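Written out below as structure tokens is the structure these notes cover.
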Amino acid sequence: MFLRSLATAVPPNSFTQETCWDAMRDGALLEKLKPRSASLVEKILTNGTSGIRTRNLALGSIDEIFGDCAQSLNQRFEKEAAPLAENSLTAALEKAGLRADQLDALFVCTCTGYLCPGVSSHLAEQAGLRADVYLADLVGLGCGA
588 MFLRSLATAV
598 PPNSFTQETC
608 WDAMRDGALL
618 EKLKPRSASL
628 VEKILTNGTS
638 GIRTRNLALG
648 SIDEIFGDCA
658 QSLNQRFEKE
668 AAPLAENSLT
678 AALEKAGLRA
688 DQLDALFVCT
698 CTGYLCPGVS
708 SHLAEQAGLR
718 ADVYLADLVG
728 LGCGA
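Start counting the sequence shown at 588; every next residue gets the next number (the working numbering).
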């Protein structure tokens, strides 16, 4: 087994750190946080040392995230993650000059959502991977992904 290609896919809507902070600050959610947590969120979104300038989110508007409960956010992840992963797989296969049935392993790295079975299982079925392909989901890496 050899790594032959890597590809990424992100949601189409991009929000600046400043936009994220403005939405957080102006929404009701910030008031619900403990002072230390609120301070940490502000520091992450405003100090510019994280190296992150924008966040790609599967949202039409940044305000959508604050009105959703955990279940709604997970349902959104379930709807959006597999198509994004399929775009990434298609690009990786093209770069490597391979077909899906030639893969021995598939690693899917996601940021915050969680599915069981994982995105890799959904993707393997959609893409028609062999039943013996090794599947691995690297979940919860946040911006480190």
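C-beta atoms are modelled at their ideal positions from N, C-alpha and C, and glycine is treated no differently.
Computed from a prediction, not measured in an experiment: that's the story for all the values here.
- [ ] Evaluate Gly705 with the Cβ neighbour count: other Cβ atoms within 10 Å of its Cβ, from every protein chain shown; 16 or more gives buried, anything less gives exposed.
- [x] Here residue 705 refers to the residue found at position 118 when the sequence shown is read from its first residue. Flag for Gly705 reads buried.
Task: N- and C-terminal bounds of the alpha helix (DSSP H) containing Leu644 - done: Counting from 1 along the sequence shown, the entry for residue 644 is found at position 57. No alpha helix (DSSP H) contains Leu644, which is instead part of the beta strand (DSSP E) from 641-644.
Open item on the list: Which of the three DSSP states is assigned to Thr699 in this structure?
Closed with: On the sequence shown, residue 699 is found 112 positions in, with the first residue counted as 1. The answer is coil: DSSP assigns Thr699 none of H, G, I, E or B.
Task: Other residues of its chain near Ala718: CB distance less than 7 Å, five sequence neighbours each side excluded - done: Translated into positions along the sequence shown, residue 718 becomes position 131. The answer is none, since no qualifying residue turns up.
Task: Assigned secondary structure, Thr595 (DSSP; H/G/I helix, E/B strand, else coil) - done: To locate residue 595, count along the sequence shown from 1; it is residue 8. Thr595 falls in the coil class under three-state DSSP.
Open item on the list: In chain order, what are the residue ranges of uninterrupted beta strand (DSSP E) at least 3 long that sit wholly in the region 657-722?
Closed with: 692-696
Task: For Phe602 and Ser648, the rounded distance between their alpha carbons - done: Residue 648 sits at position 61 when you count from the first residue of the sequence shown. Residue 602 sits at position 15 when you count from the first residue of the sequence shown. Each residue's Cα considered, the two are about 9 Å apart.
Task: Reduced DSSP category for Asp609 - H, G, I as helix; E, B as strand; rest coil - done: For the purposes of this step, residue 609 is taken as residue 22 along the sequence shown, with counting starting at 1. Of the three classes helix, strand and coil, the one that applies to Asp609 here is helix, per DSSP.
TODO: Please report how far the alpha carbon of Ala678 lies from the alpha carbon of Cys698, in whole angstroms.
DONE: In the sequence shown, the residue the question calls residue 678 occupies position 91. In the sequence shown, the residue the question calls residue 698 occupies position 111. C-alpha separation (whole angstroms): 19 Å.
Task: Chain-order list of residues whose beta-carbon lies under 7 Å from that of Cys703 (same chain, five-residue window excluded) - done: Stepping through the sequence shown from its first residue, residue 703 is reached at position 116. Once the five neighbours on either side are set aside, Cys703 has no close Cβ partner at all.
- [ ] Name the two residues that bound the continuous alpha helix (DSSP H) containing Phe602.
- [x] Here residue 602 refers to the residue found at position 15 when the sequence shown is read from its first residue. That residue, Phe602, is in no alpha helix (DSSP H); its beta strand (DSSP E) goes 600-603.
- [ ] Could you check what DSSP says for Leu728 in three-state terms: helix, strand or coil?
- [x] The sequence position of residue 728 within the sequence shown is 141, counting from 1. DSSP places Leu728 in coil when its eight states are reduced to three.
TODO: Identify whether Thr636 lies in helix, strand or coil by the three-state DSSP scheme.
DONE: In the sequence shown, the residue the question calls residue 636 occupies position 49. Correct three-state label for Thr636: coil.
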